[in-house]
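Written below as structure tokens is the structure these notes are about.
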Amino acid sequence: MNISLRWLNQYLQPHVSAAEAEAFLTEMGFPLESVTPCAGGDALLDVEVTSNRGDCLSHVGLAREIGACPRARRRFIGPAISDPHHGTQGDPARHFFRLENRAPEVCPRFTAQVVRGVKVGPSPTWLAQALEAVGQRSINNIVDVTNWLAFELGNPAHVFDLRTLAGSALVVRYAQDGECLKTLDGKERTLKADELVVADAERAQSLAGVIGGFDSQVTGTTGDVVLEVACWDPVTVRRAARRHRIRTDASHRFERYVDARTLRDAALRGVNLLLEVAGGSLAPGLLHEGGALPTQAEITLRPSRVKVMLGAEVSVAAMIAMLRSLGIDVAQRDEDALVCAPPPWRASDLTREVDLIEEIARLRGLDAVEAQDRVVVSPRAAPRQERVKREMRRVLAGLGFYEAVTFSFASREGAAPFVEHGLRTLAVDDARRAHEPVLRPSALAGLLACRRANQDGQVAQPGGVRLFERAAAFAETEAGASRERVTLALLADVPGEGRRRGHDDLQRAVRLVRGAVEALVNAALGPGASVRCLPGEVPCAAWNPDAFAWVEAMPAGVRIGRLGLIARSLQDQHGLEVPLVGAEIDEAALLNLPDVRGSIRPVPAFPSIERDLSPIVLEETRWEAIAALVDRTGLEHFEALAFVGCYRGEQAGAGRKSLTLRARFRAPDRTLRHEDVDPQMNALMEALAKELGATFRLA
Amino acid sequence: MLQTLDAIHAEGLAALAGTSDHASIEAWRLAYLGGKGRLKNAMAGLRDVPKDQKPAVGARMNEVKAALEAALEARVAALGSAAKPATGPRIDVTEPGLVLTEAVGRRHILSHVRDELVDVFGRMGFEVAEGPELEDDEHNFVKLNIPPEHPAREPGDNFYVDPPESTRSARMLRSQTSTVQIRVMEDAVKRGWGPPIRIISPGRVYRPDTVDATHSFMFHQIEGLAIDRGLSMVDLKSTLLAFARAYFGPDAEIRLRPSFFPFTEPSAELDMKIALKPGDEPRWIELGGCGMVDPAVLTMCGIDPEEWTGFAWGFGIERLAMGKYGIPDIRLLYQNDLRFLGQL
Chain A
0 MNISLRWLNQ YLQPHVSAAE AEAFLTEMGF PLESVTPCAG GDALLDVEVT
50 SNRGDCLSHV GLAREIGACP RARRRFIGPA ISDPHHGTQG DPARHFFRLE
100 NRAPEVCPRF TAQVVRGVKV GPSPTWLAQA LEAVGQRSIN NIVDVTNWLA
150 FELGNPAHVF DLRTLAGSAL VVRYAQDGEC LKTLDGKERT LKADELVVAD
200 AERAQSLAGV IGGFDSQVTG TTGDVVLEVA CWDPVTVRRA ARRHRIRTDA
250 SHRFERYVDA RTLRDAALRG VNLLLEVAGG SLAPGLLHEG GALPTQAEIT
300 LRPSRVKVML GAEVSVAAMI AMLRSLGIDV AQRDEDALVC APPPWRASDL
350 TREVDLIEEI ARLRGLDAVE AQDRVVVSPR AAPRQERVKR EMRRVLAGLG
400 FYEAVTFSFA SREGAAPFVE HGLRTLAVDD ARRAHEPVLR PSALAGLLAC
450 RRANQDGQVA QPGGVRLFER AAAFAETEAG ASRERVTLAL LADVPGEGRR
500 RGHDDLQRAV RLVRGAVEAL VNAALGPGAS VRCLPGEVPC AAWNPDAFAW
550 VEAMPAGVRI GRLGLIARSL QDQHGLEVPL VGAEIDEAAL LNLPDVRGSI
600 RPVPAFPSIE RDLSPIVLEE TRWEAIAALV DRTGLEHFEA LAFVGCYRGE
650 QAGAGRKSLT LRARFRAPDR TLRHEDVDPQ MNALMEALAK ELGATFRLA
Chain B
0 MLQTLDAIHA EGLAALAGTS DHASIEAWRL AYLGGKGRLK NAMAGLRDVP
50 KDQKPAVGAR MNEVKAALEA ALEARVAALG SAAKPATGPR IDVTEPGLVL
100 TEAVGRRHIL SHVRDELVDV FGRMGFEVAE GPELEDDEHN FVKLNIPPEH
150 PAREPGDNFY VDPPESTRSA RMLRSQTSTV QIRVMEDAVK RGWGPPIRII
200 SPGRVYRPDT VDATHSFMFH QIEGLAIDRG LSMVDLKSTL LAFARAYFGP
250 DAEIRLRPSF FPFTEPSAEL DMKIALKPGD EPRWIELGGC GMVDPAVLTM
300 CGIDPEEWTG FAWGFGIERL AMGKYGIPDI RLLYQNDLRF LGQL
């Protein structure tokens, strides 16, 4: 809201400087965006006015606030308003003009005054300069008066050329569906039935509370005018302004509520100015149509409640003085009840006890709220979830992953590979996100784009770039239920030299990401937890079907996510040079599992024996099958199994591979000898041969 | 008009079937669904359609749009899965994990600052609460005492997923973390664990701002809420002062300026006089908003405002992070260039 210091000072005694205005207004809750010194000692103040204070979208409103500010010590003097109708002779306005209000529920009051024989011309210097000082273009003396009213009192006004009004009438009514109106900005607008217009006897002549009509505007040949000062339902004005994409000084104010009881003074002020700057003769009669004026609300304020909210004692006398300085009528009913009636211009924002408490807090000054240097704390158990979430991030950073924060939006093409069967994407309806409207179904969509940005920046990392992000992923079921899940998404380059990656590189990269997932699960659930990867059908096109697994947390056996190679097509879609491995972990699924921390055992007293074995098995035999077999075989003294490596080549034969495993044996009470373990290894070889068709190379 | 739409539908599907790679799919998307595509052109023609036919044409237009979008998604998906069957060595996803790295990574600056804030408030007894980012009108507005005519509801200032006028509570991306306050209060009352309540909720919020060096359409806020018997503005100010001193050093000062938020009353803007970067001269920084929880909000969440009072505050995490680390442009935070991320 632009205001002029000189204009503001018209209503203040003594005057304030720009610095004082800034200090006082800020203290009252109206901070300044900027102060621009202007010619002749004036200054343009850009004041922030919160949306509850429509009354302060005016010089008088802000001057009134300075007048109420205890530290300012300024007196507010409102403009003197006389009634020119009183004692004016001549034919009354009703002779020339008819006013009708068919929508009093959304136009609580509409006032009209008729001035005949005005002389349209340039504004006097004081008026033109005042408007220019607040960034308004001076148009002509008549229009400038209406702008003056908006900026002085916060009451937007409009002037119609009476000659152009069919039937010499103004009718407040809803538009007919499809009714046309050419507005002041020269645009032809088609109206809807829920929009309010001011019409003449035949057609709409202005979009109520928003913008005037082109055909009834004041021109150089205008002689007789109708001055409208009205008020409108904020929601109706907002809807119309939004639909037609117009924001005017009028709509801005009406959207923030103008009280019907303020209209009379504004109308008289307006017509006085009109007569002063454009001459003409007033047709007596302030015409008005609408519902009953709102009655003054009564709010009971309990001083005891003020103490509760402010945390400080304020005397009742001081409260009464503060409230009265804001124009509020106060009567004390008993010791703990002040009956308060706010003035019309505060009717919309002072409706409850707490609104008055806020006024007392504001006038008393928030600096007067004395902060203590101690706060009361009730200790609580350390929150496990927060601790675990942090631990997981630290683990990933320790494993070479950089945490990314990427936008939650994706393009339709970017989101498509992540759309799963039975789910749909959700999108925002906003032109500014037209390229990326989709709420991404996976945070991997963002990480892939981020990987590409790093590729473009020629960023290299030893072992390849690794990224992770904790973020929500969004989708909707076919039944229309939205689904939002917080996931940890991991994305890692397949390490290697140059751009080519062989099978071993890919296999190793999958193991690296799996290792990170295992570390996460251990961080979340404890060292007793582990990960099981179940190869399965890919749920969407993002994953390579040959290297995809669902991730389960063990021992619970609950699915917590997925991992695998990113599909070649997705890699190409993002123009990425090296293949990537990804994983997604559903945070809630993981953190809802119980801790797996057994009791601590002493370290073993005797050494172990380790034995390697290299069964040659079919290509499709998975490590998991071998591990399960070892478990099942129930080897005596067996302690642990480790994966050593996998070899393919001539010695293994076509379609086969040689897996090297390492078994560890230990006895709790003695040192094992080779003779103790040999039979176990033989049993294992037999079982592998029998159940998995394994053969063995001679070492 | 309907014939035109049918033609766009049929020709679109046929043309899509002829695409073979991402480039041709993108060209197709521009031609049919793009800002100057055939469907958009057809939409422009909608105003010439006689009034009585508009609903039918509009409905058909939505159908065609949905069909083409679905086909596009399916096409892109199909392109992904058309991989050749495996021959030769196979990836074995059941091989055990490998923990190996040649370099350590870093946590993001934003999550680092978030944790610092959570720690300070955590020491004052505030627990972390998180809530959904895909919210609804009820939690983002209604229960925060933001009435239908409030300017904050402008579609231009929010990312709506459903049309805001739709009959059910329209889904939208939350524009503030205050939504979590509501969810926590509802949960506390429903399950009987509070009040008293003391929570902080850090998280992402979304507003369609034009992106520049200090604005982004997605950013992070941290919000605090305390509800107890007898809490007053003194407690609010004391808590924020304690935070300022704990986080920025013993010389930090705070200042409250009257303001307006629909969900707090009295409301205030929160300024802190702090040296954001160690060694800087302390200056006043506008950090965010705060106030006493509006009794209407408490009532809507089932808490008796005569028995309980509370205070709340919220501020932006980016602003703190940028100030503290001298980050000149907010966009750097979301580009995630490792050469930037590695500097923390």
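Here the protein sequences line up with chains A and B, keeping their order. Take the first sequence: its position 449, counted from the start at 1, is 448 in numbering that gives the first Met the number 0, and no numbers get skipped. Take the second sequence: its position 89, counted from the start at 1, is 88 in numbering that gives the first Met the number 0, and no numbers get skipped. Positions of the beta carbon are idealized from the N, C-alpha and C atoms, including for glycine.
Report the rounded CA-to-CA distance for residue i versus residue j, giving the unit in angstroms.
i      : j      : result
B/L1   : A/R411 : 26 angstroms
A/S16  : A/A67  : 17 angstroms
B/L343 : A/P614 : 48 angstroms
A/D677 : A/M684 : 11 angstroms
A/F547 : A/M553 : 18 angstroms
A/A523 : A/E586 : 10 angstroms
A/P544 : A/P667 : 45 angstroms
A/K689 : A/Q457 : 53 angstroms
A/L487 : A/E468 : 6 angstroms
B/A85  : B/F216 : At B/A85, the pLDDT of 45 sits below 50, so the modelled position is not reliable and the matter cannot be decided from this model.
B/D114 : A/R431 : 32 angstroms
Under 8 angstroms between beta-carbons, which chain A residues line up against residue i? List them in chain order, please.
i      : result
B/V117 : E385
B/L255 : L365, D366, V368
B/N335 : Y401, A403, V404, T405, C449, A452, N453, L466
B/G34  : A433
B/I24  : E412
Quick one: list the residues of chain A neighbouring residue i, beta-carbon separation under 7 angstroms, in chain order.
i      : result
B/V103 : A396, G397, G399
B/V127 : P382, E385
B/D114 : R389
B/R106 : R392, A396, E402
B/S345 : Since the first and last residues shown for chain B are 0 and 343, residue 345 of chain B lies out of range.
Looking only at C-alpha atoms, which of the options sits nearest to residue i?
i      : options                        : result
A/P436 : A/L443, A/V427, A/A604, A/A442 : A/V427
B/T3   : B/G57, B/P154, B/V119          : B/G57
B/A30  : B/L45, B/I7, B/D279, B/D51     : B/I7
B/D336 : B/R106, B/G87, B/L97           : B/R106
B/K272 : B/R330, B/L255, B/V183, B/A251 : B/A251
A/V387 : A/V520, A/D504, A/A277         : A/V520
A/A336 : A/R74, A/A165, A/P302, A/L466  : A/P302
A/A541 : A/P69, A/A282, A/V313, A/A442  : A/A442
A/Q460 : B/K35, B/A128, B/E101          : B/E101
A/G208 : A/V170, A/K191, A/A156         : A/A156
A/S3   : A/A448, A/D594, A/W125         : A/W125
Just to confirm, are residue i and residue j a CB contact at a threshold of 9 angstroms?
i      : j      : result
A/T235 : A/L195 : yes
A/G53  : A/R252 : yes
A/A111 : A/E275 : no
B/Y205 : B/F158 : yes
A/A317 : B/M232 : no
A/L511 : A/P534 : no
A/D366 : B/R254 : yes
A/A515 : A/F400 : yes
A/C645 : B/T93  : no
A/N51  : A/S529 : no
Find the residues of chain B that neighbour residue i, judging by a C-beta separation of less than 7 angstroms, and give them in chain order.
i     : result
A/N51 : F259
Please list the partners that residue i has in chain B, where partner means a Cβ-to-Cβ separation under 8 angstroms.
i      : result
A/L487 : The premise fails here: A/L487 is roughly 12 angstroms from chain B at the closest Cβ pair, so nothing lies under 8 angstroms.
A/W622 : D91, T93, E94, P95
A/P461 : E101, A102
A/G28  : R256, P257, S258, F259
Determine the chain B residues that contact residue i at a beta-carbon separation under 9 angstroms, and present them in chain order.
i      : result
A/D428 : P154, F158, Y159, V160, D161, P162
So which residues on chain A does residue i lean against when the C-beta distance must stay under 9 angstroms?
i      : result
B/A311 : By Cβ distance, chain A contributes nothing, its closest Cβ being about 14 angstroms from B/A311, past 9 angstroms.
Point to revise | Contained alpha helix (DSSP H) runs [length at least 4] in the stretch 120-181 of chain B, N- to C-terminal order | key: Within the stretch 120-181 of chain B, the complete alpha helix (DSSP H) runs of at least 4 residues are 136-139.
**Study point:** Complete runs of the alpha helix (DSSP H) confined to the stretch 130-212 of chain A [at least 4 residues]
**Key:** The stretch 130-212 of chain A contains, as complete alpha helix (DSSP H) runs of 4+ residues, the segments 140-152 (chain order).
Practice item. Return the chain-ordered ranges of every alpha helix (DSSP H) run that is complete within the stretch 47-122 of chain A and spans a minimum of 4 residues. Key: Counting whole runs of 4 or more residues, the stretch 47-122 of chain A contains the alpha helix (DSSP H) stretches 58-67.
**Study point:** Those runs of the beta strand (DSSP E) which lie wholly inside the stretch 483-540 of chain A and span at least 3 residues
**Key:** Segments of the beta strand (DSSP E) lying fully in the stretch 483-540 of chain A: 529-534.
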